[in-house]
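Report on the structure given below.
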Amino acid sequence: MCVNVSVVKKKMGCCCFPLLLGIAFHLIIFLTSNTFEELWTSCIISAYPVGHVVSTNTPTDNALPRLPSMLFSPSPCLSGSHSPRLLVLVTCAPSHTAARMAIRESWGLSSQGNMVRFVFVLGLSWSSAEQRGLEDERVLYGDILQASFHDTYRNLTLKTLAGLKWALSACPDVAFLLKVDDDVFVNIPALLETLMGNEQGDFYLGRIHVGVQPIRTPSHKYFDQVYKFERYPPYCSGTAYVLSTEAAQKIMTVVLSGVVSLLPMEDVFIGMCARVANVKPSHNGRFAGGKSVPAWQYCYQHALTAHHVLPSEMRQAWRSVEHGSPCFALFRPYVHFGCSVLSLVEGIQRHLGLLNADMADGARSR
């Protein structure tokens, strides 16, 4: 019997194309997955030059002379078995009343059976009327921690350190501390599930930035004249990161030693102190970092945090997590990919919108 080779090749080609297409699709899914992000970031961190650690001192003018004192603070946490498992430190500007209320009425409601406690960390307001309003807010809600420095961008590091100082003193039995900005939505149930089993030892989790270069332009918001190396050591984005209590204690020991130059970029500074303390950061792509999360309920259900969330959007995001129908199990492995694509598309749309606006302004000026 004769075999028509050309026919066989044609049939094999017809069979191979869908197979190759399927392999390519799943390869793309893997390369955009949180698992690949974690593996890739871990490899980069392991390869980071040990010599490029930190700008260290014998204490200098850039070292922190002492931690700020507290003007007023919430009641201490319960101790022992009654202690919360997670303490959330929300860094917030005094004027951001709407942001605080939105958090209290959304993901801040998720105490998970007293497993979670929320505290807003602020500096001093420049307005006496605003300061009086904060004192009324403190009495009403009991969740305000205010330290004795003026609340400015350059004092963000002091704000975070004030929160960590109070937490380690007033809530020593909590397992984890979450530092988060007030424009970030947090999926508390998903975060608690992620933290399960990591109570012991050093733990520093978030979206890691690797290879970031200091900005040397004096007029820039992130200007840095202190750090002398070409690149910062790896650090977790300051939008949201988790520290185990043990890791926070080690970092604060380094802070108080004064061997690390104080920087206004609090996430960079915490990353430097963590490196000196030998606390290794861990990456999780479900922390949004500087990226926004598309306003799709499955993205909010999948993400651990979402950045650039307006007060008006916080409640909707929480309803998506608390009351939204869950994604079918079959599609869950693809949610991270889908949300990444949606985020990319939204970013392109925003960029094109800005370009169109600039072109329109240019046309009007002519």
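Each residue of the sequence shown is one higher than the one before, starting from -5 at the first, in my numbering.
Every residue gets a Cβ at the ideal spot worked out from N, C-alpha and C, and that includes glycine.
Note that the structure is a prediction, hence the values are computed from the model and not measured.
Asked: Burial state of K215 (16 or more Cβ within 10 Å); Found: exposed
Asked: Candidates Y235, P208 and L116, of which the one nearest S89 by Cα; Found: L116
Asked: Spatial neighbours of P53 in its chain, beta-carbon cut-off 6 Å, leaving aside the 5 residues before and after; Found: The predicted model places P53 with a pLDDT of 45, which falls under 50 and marks its position as unreliable, so this point remains unresolved.
Asked: Cβ-Cβ separation, D176 to A93 (assumed contact under 8 Å), whole Å; Found: 4 Å
Asked: Boundaries (first-last residue) of the beta strand (DSSP E) holding R210; Found: From DSSP, R210 is part of no beta strand (DSSP E); its letter is neither H nor E.
Asked: G117 (DSSP reduced to helix, strand or coil); Found: strand
Asked: Closest by C-alpha distance to L65, when choosing among W120, H317, Q140 and P305; Found: Q140
Asked: Beta-carbon proximity of L81 to A161, cut-off 8 Å; Found: yes
Asked: N272 burial status per 10 Å Cβ neighbour count (16 or more: buried); Found: exposed
Asked: Status (buried if at least 16 other CB within 10 Å, exposed otherwise) for M190; Found: exposed
Asked: Contact check, P228 vs S104, beta carbons under 8 Å; Found: no
Asked: For A141, the first and last residue of its enclosing alpha helix (DSSP H); Found: Here A141 belongs to no alpha helix (DSSP H); instead the beta strand (DSSP E) covers I138 to H144.
Asked: Of the listed residues M308, Y235 and M266, nearest to K222 (C-alpha basis); Found: M266
Asked: Own chain, CB closer than 6 Å to V315, minus 5 neighbours either side, in chain order; Found: N181, Y294 and Q295
Asked: Distance CB(V168)-CB(T239) smaller than 8 Å; Found: yes
Asked: Cα-Cα separation between F263 and P70, rounded to whole angstroms; Found: 27 Å
Asked: L172 versus A300 - alpha carbon distance; Found: 14 Å
Asked: For G74, three-class secondary structure by DSSP; Found: helix
Asked: Terminal residues of the alpha helix (DSSP H) in which A164 lies; Found: L150 to A164
Asked: For G232, the first and last residue of its enclosing alpha helix (DSSP H); Found: Here G232 belongs to no alpha helix (DSSP H); instead the beta strand (DSSP E) covers Y229 to S238.
Asked: Alpha helix (DSSP H) runs wholly inside the segment 245 to 297, at least 4 long, in chain order; Found: 260 to 270 and 291 to 296
Asked: Which listed residue (R126, L118 and C165) has its alpha carbon closest to that of H76; Found: C165
Asked: Whether P258 touches T85 by CB criterion (8 Å); Found: no
Asked: Inter-residue CB distance, Y198 and K274 (contact presumed, cutoff 8 Å); Found: 7 Å
Asked: Endpoints, the beta strand (DSSP E) within which D374 is located; Found: Shown here, the chain extends from -5 to 360; a query on residue 374 therefore has no answer.
Asked: CB contact flag (S122, S63, <8 Å); Found: no
Asked: Residue closest to E187, alpha-carbon to alpha-carbon, out of S67, L298 and P68; Found: L298
Asked: Opposing strand residues paired with I202 [DSSP bridges]; Found: C230
Asked: 7 Å Cβ shell around M6 - same chain, five flanking residues per side excluded; Found: With a pLDDT of only 46 at M6, under 50, the local geometry of the prediction cannot be trusted, and the value read off the model is given with reservation. Excluding sequence neighbours, M6 sits near nothing in its chain.
Asked: Spatially closest choice to A241 from L158, K153 and P208, by CA coordinates; Found: L158
Asked: P212 versus R79 - alpha carbon distance; Found: 42 Å
Asked: Whole-number beta carbon distance between A96 and C309, since they are thought to touch under 8 Å; Found: The amino acid occupying residue 309 in the given sequence is Arg; Cys does not appear at that position. About 7 Å; that satisfies the 8 Å criterion.
Asked: Integer Cβ distance of W120 from F179, believed to fall under 8 Å; Found: That pair is no contact at about 28 Å.
Asked: One or two residues paired with L80 in a DSSP bridge; Found: V110 and F170
Asked: Under 8 Å between C-beta atoms of F281 and R201; Found: yes
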